[in-house]
Amino acid sequence: MHILGIETSCDETSLALIEVLSPARERTPPQFKVIKNLISSQTKIHEPFGGVVPNLAKREHLKNLPILYKKFITPHPSLLTIDLIAVTVGPGLEPALWTGIEFAKKIHADLRRQYVDQHKLIQAYPHKSASHLRSSAPPLVGVNHLEGHLYSFLLTPKPYTLLNPQMIFPAISLIVSGGHTILLLMKNLYEWKKLGETRDDAAGEAFDKVARLLELPYPGGPQIEKISKKGNPAAIEFPRPMLHQKNYDFSFSGLKTAVLYHLRNTSPNPKPRTQNPANVAASFQAAILDVLVGKTMRAAKEFNAKSIILSGGVAANKPLRRALAKETKKSCLAFFAPEFGYNTDNAAMIAVAGYINSTRKKRFKLEANGNLEI
Ligand code: KG4
Ligand code: ZN
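Take any residue in the sequence shown, note its place counting from 1, add 1085, and you have its number in our numbering.
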């Protein structure tokens, strides 16, 4: 089975083609091979504004989708081998989401026409075998972007042949992106319960805002990670918001404000660059990671989880991966995180979620829903 994924929820335009190597079974997670995962990032366009501007994002998606599509169909212009088209319908920026949905509908309509033509051809030349082709156009399905992140751990070059679902579930899934910070308790690949989420800023948003205070370019996460290497994580004692509260919610806006006050108090102008930005970045990163890791591990203990699954753009943060890998090892839990390249937004994860949902007949409306929940 081949799946075409389309992602335009924020500032990455992406088209992907994945192949299902082994199907989803009740007790075994499916395996995939990524054939293509084309991503066109708009970060340079949004950088001067310090964040994503929805109408600029829409304009760029409209410009980039046909360019990516041309690359996508080269050198094999036929889409007749595709079995499913999956497009993100939310959450995200609605003007951006609509560009992907409309584009998906157009490809789908073109494919339907191709199938009608093919059908006519087969009727005209019945002796030519067409058994390898589908008899009708593949379905077009909407995908929840957060489910894309959730399932992105399945995108790994190391086949999970040794992976026994009894080693994974129940699992605690931590989704940390620019728009979300969510802890889920997963009973299996298809059923979960939300344990908590952020009450204000998302983890990635906090990275981006603190980077801005330090006059680092957008997106701030990778920048903070980079300069933190030269800093002392114990230099400044920033707060660990909600770490010891008995719930699984998060709050990061106070941490960002603590960084702002620190900069104001230590620099009269304020001119953050005159301070030691590496120490500020490293201390901030240490604080946010303590909260993310602390709450995730507490949830794992409380719910007797067998594994931790990490995803979302912030999952690209190596200190976070290392910290979770270390803690899970200590507690004899399995740890899963997507391969680098599949943490931040990409269409391969959308194709995966589209496939998994199609096996359960779970569908989302083909309408942009900026606030779609997981
Ligand atoms: O998942 P994603 O690409 O988009 C959303 O769905 O929101 O996540 C983007 C977020 C940004 O806030 C970015 O700063 C953050 O992920 N991010 C990182 C790193 N790479 C990306 N945060 C911390 N460390 C990183 N290495
Ligand atoms: Zn995302």
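Built from N, CA and C at the ideal position, the CB exists for glycine as well.
Owing to the predicted nature of the structure, the values given are computational and were not obtained by experimental measurement.
Residues near the ligand ZN, CB to any non-hydrogen atom under 5 Å, in chain order? Cβ-based neighbours of the ligand ZN within the cut-off: S1262, D1430.
Indicate the three-state DSSP secondary structure (helix, strand or coil) for T1429 in the structure shown. T1429: coil per DSSP, three-state reduction.
Quick one: using the 10 Å Cβ neighbour count with 16 as the cut-off for buried, is T1283 buried or exposed? The residue in question, T1283, is buried, as its Cβ has 16 or more Cβ neighbours within 10 Å.
Taking 7 Å as the cut-off, is the beta-carbon of V1065 closer than that to any non-hydrogen atom of the ligand KG4? No statement about residue 1065 is possible, as the shown extent of the chain runs from 1086 to 1459 and does not include it.
Mapping DSSP to helix, strand and coil, what is K1331? Three-state DSSP puts K1331 in coil, outside helix and strand.
Mind checking whether D1168 and R1219 have CB atoms under 8 Å apart? A distance below 8 Å separates the beta carbons of D1168 and R1219.
With DSSP collapsed to three states, give me the class of I1253. Reduced to three states, the DSSP call for I1253 is helix.
Is the Cβ-Cβ distance between A1385 and I1393 less than 8 Å? Cβ atoms of A1385 and I1393: closer than 8 Å.
Under 8 Å: do the segment 1225-1240 and the segment 1432-1446 share three or more Cβ pairs, one atom per stretch? With a cut-off of 8 Å, the segment 1432-1446 and the segment 1225-1240 count as touching, because enough Cβ pairs lie within range.
Residues in its own chain within less than 7 Å of Y1275 by CB, not counting five upstream and five downstream? Around Y1275, the same chain offers R1445 as residues with beta carbons nearer than 7 Å, after the five sequence neighbours per side are excluded.
Proximal residues to S1099 (C-beta, below 6 Å), its chain only, five neighbours per side dropped: Cβ contact annotation for S1099 (same chain, cutoff 6 Å, sequence separation greater than five): E1092, I1124, N1431, A1432, in chain order.
CB-CB under 6 Å to G1464, same chain, minus the five flanking residues each way: which ones, in chain order? Nothing can be reported for residue 1464: it is not among the residues displayed for the chain, which extend from 1086 to 1459.
Bridge partners of A1171, per DSSP? Its beta-bridge partners are G1090, V1226.
Nearest candidate by alpha-carbon position, reference M1434, set H1131, V1228, Q1308, L1269: Checked all of H1131, V1228, Q1308, L1269; the closest Cα to M1434 is V1228.
So, using beta-carbon positions, are N1122 and P1180 closer together than 8 Å? No; because the gap between Cβ atoms is not below 8 Å, this pair is not in contact.
Residue of V1376, K1331, P1304 minimising C-alpha distance to G1339: The alpha carbon of G1339 has as its nearest neighbour, out of V1376, K1331, P1304, the alpha carbon of V1376.
Which stretch, first to last residue, makes up the alpha helix (DSSP H) that contains F1292? Per DSSP, the unbroken alpha helix (DSSP H) holding F1292 starts and ends at 1288-1298.
Which listed residue (T1113, K1143, D1096) has its alpha carbon closest to that of Q1127: Taking only the C-alpha atoms, the option nearest Q1127 is D1096.
What residue range is occupied by the uninterrupted alpha helix (DSSP H) comprising L1141? Per DSSP, L1141 is one residue of the alpha helix (DSSP H) stretching across 1139-1157.
Sorted by chain position, which residues of the same chain lie with C-beta nearer than 7 Å to I1253's C-beta, five sequence neighbours on each side aside? Here the set comprises K1391, S1392, A1419.
Opposing strand residues paired with V1378 [DSSP bridges]: According to DSSP, V1378 bridges with nothing at all.
Since F1420 sits in a beta bridge, which residues does DSSP pair it with? Partner(s): I1393.
Using beta-carbon positions only, say whether P1362 and L1239 come within less than 8 Å of one another. No; because the gap between Cβ atoms is not below 8 Å, this pair is not in contact.
Can the beta-carbon of I1170 be found closer than 8 Å to that of H1193? Their beta carbons are under 8 Å apart, which means I1170 touches H1193 by this criterion.
Cβ of G1136 within 8 Å of Cβ of D1334? Taking a C-beta distance under 8 Å as the contact criterion, G1136 and D1334 do not qualify as a contact pair.
Residue environment, H1329, which counts as buried when at least 16 other CB atoms sit within 10 Å: Its Cβ having fewer than 16 others within 10 Å, H1329 is exposed.
Confirm, please, whether the CB-CB distance from P1404 to G1264 is below 8 Å. Judged by beta-carbon spacing, P1404 lies beyond the 8 Å limit of G1264, meaning their Cβ atoms are not closer than that value.
Is it buried or exposed for V1344, if we count other Cβ within 10 angstroms and need 16 for buried? Classification for V1344: buried.
A1371 versus D1195 - alpha carbon distance: When only Cα atoms are considered, A1371 and D1195 end up about 51 Å apart.
Check whether the Cβ atoms of A1366 and L1299 lie closer than 8 Å to each other. Going by C-beta atoms, A1366 is nearer than 8 Å to L1299.
If I follow the unbroken beta strand (DSSP E) through Q1116, where does it start and stop? Here the beta strand (DSSP E) through Q1116 covers 1116-1126.
Classification of L1164 by the beta-carbon crowding that lies within 10 angstroms, buried from 16 upward: With 16 or more Cβ atoms within 10 Å of its Cβ, L1164 is classed as buried.
Which of helix, strand or coil DSSP assigns to R1284: Here R1284 sits in coil by DSSP.
Please return the same chain residues whose Cβ sits closer than 7 Å to the Cβ of K1272, not counting the five positions on each side in sequence. Cβ within range, chain order: F1254, P1255.
Which residue wins for smallest C-alpha separation from A1287, given the options L1301, I1267, K1278? Ranked by Cα distance from A1287, the options L1301, I1267, K1278 are led by I1267.
Identify whether F1493 lies in helix, strand or coil by the three-state DSSP scheme. Residue 1493 is absent from the model: the chain starts at 1086 and stops at 1459.
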